Each structure stands twice: as structure tokens, then as C-alpha cells.
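To start, the structure under review is shown below, and the notes come after it.
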Amino acid sequence: MSDLDQLVATARADFDAAGNPAALEDAKAKYLGKAGRVTELLKGMAALSPEEKKSRGAQINVVKQQIESALTARRQALADAELQIQLKAEALDVTLPGRQAGLGGLHPVSRSLERIEAIFGSMGFDVADGPEIEEDWFNFTALNTPADHPARSMHDTFYVDTVAPDGGGHLLRTHTSPMQVRYAVQHVKKHKTLLDAGQAMPEIRVIAPGRTYRVDSDATHSPMFHQCEGLWIGENVSFKDLKSVFTDFFRTFFETEDLNLRFRPSFFPFTEPSAEVDIAFSSGPLKGRWLEVAGSGQVHPNVVRNFGLDPERYIGFAFGMGPDRLTMLRYGVNDLRLFFDGDLRFLSQFR
Ligand code: PHE
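With this note's numbering, the residue at position 131 of the sequence shown is 477, and numbering never jumps.
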């Protein structure tokens, strides 16, 4: 092998040994740089005759080209290898199953609330929303339950600030009944002109579902639970209407005609007379068992007066039912606390 061929071979070997672009540039300088081997060869021609220069020059040029193309090839090879590494690092396995957004679902109690709103909505009831931190006046006093009334102790709750003797102060509402007063007062305001003229006011027909609070906790009681208030006030609304509305409601809610309803005398300060509402299925696993599902009654004249209406002219009924209890019955759940533990194994069954 001639010295020139030897030089090309050494250059190739050096280039191949360069593991990265920086090393390759160093190797390049060794051959093609200012003090590189090829440059040296060219300088060495100075002493040659013109004839020799010609042939030697052509040979050196071939060597130079061979070294340059070896360099280009190695550059390309290094760049390709770099790209392969990068592609491998960023590899995307399109055959893997996709990442799915977790499928959520409505809480079973929310499902019940939606059903309740839809059914009462179809019977002409408005749906109202009210504050969970309630004024003492709306929660108790306006509902014929003054500060010294013994019924208050059955509604032990969470007080946000101290209740003043005049009934001021705030608490977490113990029932949705304060919404009776809030809604009726608004309704009366809206129809003030009619009322002042002694004309008949459009009936009040509303339900008010929402969260309520009491100091209570066991398998059938939770410190936070749901209620749905109902109020129907007009000039001619009676217990008969309450019974038919309720019967329709519960039969629709539970999707069965095999359901009966009874009123059991009871006491609430804001209704007179008052009754607990029980339902019983005449078929199915709960057949024949009376289950308490709501409190109800004819709105007390004092409360009608607090609405801003004349109790001699306006009469009607109110009820408060427990959507949690209805949900337990509908889905066969036997512990109320399951609804509020947030355990996905339980909740995902309702998706
Ligand atoms: N607010 C009552 C309770 O929580 C239920 C009720 C509402 C009773 C309306 C009569 C009328 O126990």
C-alpha cells in the first residue's frame, strides 16, 4: 500500500473511532486542518519539479477527496445514530390501550333529587334553592317555633354564631322548611298589587330540595342529610290534595301502582293538623311494611301570616321528605352512611 493509500486508511479508521461529532471534528483537524497531514503533503510539493508537481498534486487531491468523503460519511452516520437514539427515546407504542378519562356518574341521591324535581315539575311545582347557613328566624321563629319552644331541642344543630334572644344569628339549617317562608314571602311580594286589590293570587306550588344538618349519626342518620320541602298554598287546597299529590308522586317515583299511603297523626309547630306520611308496597320484598317517608301538615295560621297572607283566605299544606331514605328504598341500601363515605366501590355501582 502506498503512503497515500495508507494515509486515507488511517484517516478512515480515526473517523470511525470518533464516537461523537466533537471527536470527529478533532480527527478532521488532524488531516484537513491548517497543520493537518494533507496540508503538510501539499506544502511538501514546493521542492518538486513542475512535472512531478502535476502528478503528485493530482494524487494528493484524490487523497483529499477520499478523506473528505470519509468524513462526510462518518458525519452522516453519527447523525443517523443520534436520530435513532432520539426516536427510540420518544417511541410511542400505538398498540397500547388508550388512557381513558375516568367515567363519573351521578350520585344516587342526586339521581333521586332529579327524579323528585322532574315528577313534581310535571305536577306544576316550581323548584327553589335556598341557603344552607340559615337565619334562626327562618329556620325556627317564622315557623312558629320561638326561642323557648321545646321542639327546638329535637333540631340540635351546628350554630355558626350565637342566637340572640330576639332570634338573630345563623345556624346550619335543620330542615328545608325555612324555604317555605323564603319562597312564600317572595311570591307575596311579586303579587302584591293583586293582593292589595283583594284579587286572588296565583297559587304557591314549590318544592325546595337540599342539604340539611343535625347532630345525629348512626346507620339511618347522618349529620348532613337531604330533605325536600313542598308547599302548596291557595284558596282551596286541602289534605285531600296532599294525599293525591303524594300518592301520584310515590307511585311514579317507585314505578309501581302497588303502593299505598297513610297519614299518621303527628306534631310539628308549623303545621296543624300534622301527620307523618307512611308508604307500604303491596308486592315485592318490602311488601306490607309501613315505611315513614315524610312529615306533613296543613300550614299553621301563624306561618301563613308570616308569609304575609291572610290565613282566613289562604290555606294549604306543606311536607318535608327524605330523599336519602327514598334512595335507600329504591336501591335496597341499608346503611345511610354509605352514601356519604365517598367509597368508589359503592358509588360506581350507580354509574
Ligand atoms: N321540617 C319537618 C322536619 O324536618 C318536616 C315537615 C315539613 C313537616 C313540612 C311538616 C311540614 O321534620
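Yeah, the Cβ is synthetic: ideal placement off N, Cα and C, and Gly gets one too. Remember, predicted model here, so these are calculated numbers, not experimental data.
Tell me whether residue i counts as near the ligand PHE, meaning its Cβ is closer than 7 Å to at least one heavy atom of that ligand.
i: S642; result: yes
i: T617; result: yes
i: H533; result: no
i: A474; result: no
i: Q695; result: no
i: G470; result: no
i: G467; result: no
i: F665; result: yes
i: H521; result: yes
i: Q614; result: Position check: residue 614 holds Phe in this sequence, whereas Gln was assumed. Yes - the ligand PHE has a heavy atom lying nearer than 7 Å to the Cβ of F614.
i: Q573; result: yes
i: S620; result: yes
Going by CA-CA distance only, name the one from the options that's closest to residue i.
i: L327; options: M570, A375, L637; result: The shown model of the chain, from 347 to 697, leaves out residue 327, and the question about it has no answer.
i: R597; options: V650, A416, I465; result: I465
i: R551; options: G668, E622, F663; result: F663
i: S458; options: T520, C574, D502; result: C574
i: P477; options: A435, T522, L452, E436; result: T522
i: D372; options: L417, K410, L387; result: L417
i: L645; options: L541, R610, L577; result: Reading the sequence as shown, one finds Val at residue 645 and not Leu. Checked all of L541, R610, L577; the closest Cα to V645 is L577.
i: S415; options: D687, Y377, L489, R635; result: Y377
i: A497; options: F613, Q432, Q411, A393; result: F613
i: V639; options: L370, G668, A493; result: G668
i: R557; options: D670, L438, K538, K536; result: D670
i: V473; options: A530, I413, P396; result: A530
i: L684; options: G467, P454, F653, F616; result: P454
i: R519; options: D502, S590, K410; result: D502
i: Q532; options: S348, G654, Q545; result: G654
i: A355; options: K410, K399, G379, A368; result: K410
For residue i, count neighbouring C-beta atoms within 10 Å of its own C-beta (all shown protein chains included) and say buried if the count is 16 or more, exposed if not.
i: N366; result: exposed
i: Y505; result: exposed
i: H567; result: exposed
i: K374; result: buried
i: R528; result: buried
i: G641; result: buried
i: N485; result: buried
i: V408; result: exposed
i: F500; result: For the record, residue 500 in the displayed sequence is Met; it is not Phe. Result: exposed.
i: L607; result: buried
i: E481; result: buried
i: T539; result: exposed
i: V440; result: exposed
i: L526; result: For clarity, residue 526 is Gln in the given sequence; the question names Leu instead. With 16 or more Cβ atoms within 10 Å of its Cβ, Q526 is classed as buried.
i: Y559; result: buried
i: N490; result: buried
i: L588; result: buried
i: R610; result: exposed
i: Y677; result: exposed
i: A423; result: exposed
Work out the CA separation of residue j and residue i for me, nearest whole Å.
i: Q695; j: N648; result: 46 Å
i: L353; j: D360; result: 10 Å
i: F692; j: A565; result: 16 Å
i: S401; j: E436; result: 53 Å
i: F686; j: H572; result: 11 Å
i: L394; j: A381; result: 20 Å
i: G643; j: I625; result: 16 Å
i: L350; j: Q432; result: 38 Å
i: L672; j: E581; result: 31 Å
i: T385; j: L438; result: 48 Å
i: L388; j: I406; result: 7 Å
i: E603; j: R635; result: 16 Å
i: I462; j: G666; result: 12 Å
i: F599; j: S563; result: 27 Å
i: D542; j: E618; result: 27 Å
i: H537; j: R651; result: 16 Å
i: P699; j: A419; result: There is no way to answer for residue 699, as the model of the chain reaches only from 347 to 697.
i: Q392; j: Q430; result: For clarity, residue 392 is Ala in the given sequence; the question names Gln instead. The alpha-carbon atoms of A392 and Q430 are separated by roughly 47 Å.
i: R358; j: G403; result: 21 Å
i: H495; j: A621; result: 19 Å
i: M674; j: G544; result: 46 Å
Let's see if you can read the secondary structure: which residues bound the alpha helix (DSSP H) around residue i?
i: V384; result: 383-389
i: S456; result: 454-468
i: A419; result: 396-435
i: H537; result: First-last for H537: undefined, no H or E at that position.
i: S584; result: No alpha helix (DSSP H) holds S584; DSSP gives it neither H nor E.
i: E480; result: Premise fails: E480 lies in the beta strand (DSSP E), 479-481, not in any alpha helix (DSSP H).
What span of residues does the beta strand (DSSP E) with residue i cover, start to end?
i: P555; result: 550-559
i: V639; result: 637-645
i: D475; result: It is not in any beta strand (DSSP E) - D475 carries neither H nor E in the DSSP assignment.
i: M667; result: 661-667
i: R608; result: 605-614
i: A626; result: 617-627
i: L378; result: First-last for L378: 367-378, but that is the alpha helix (DSSP H), not the beta strand (DSSP E).
i: L632; result: Element bounds for L632: n/a, residue is neither H nor E.
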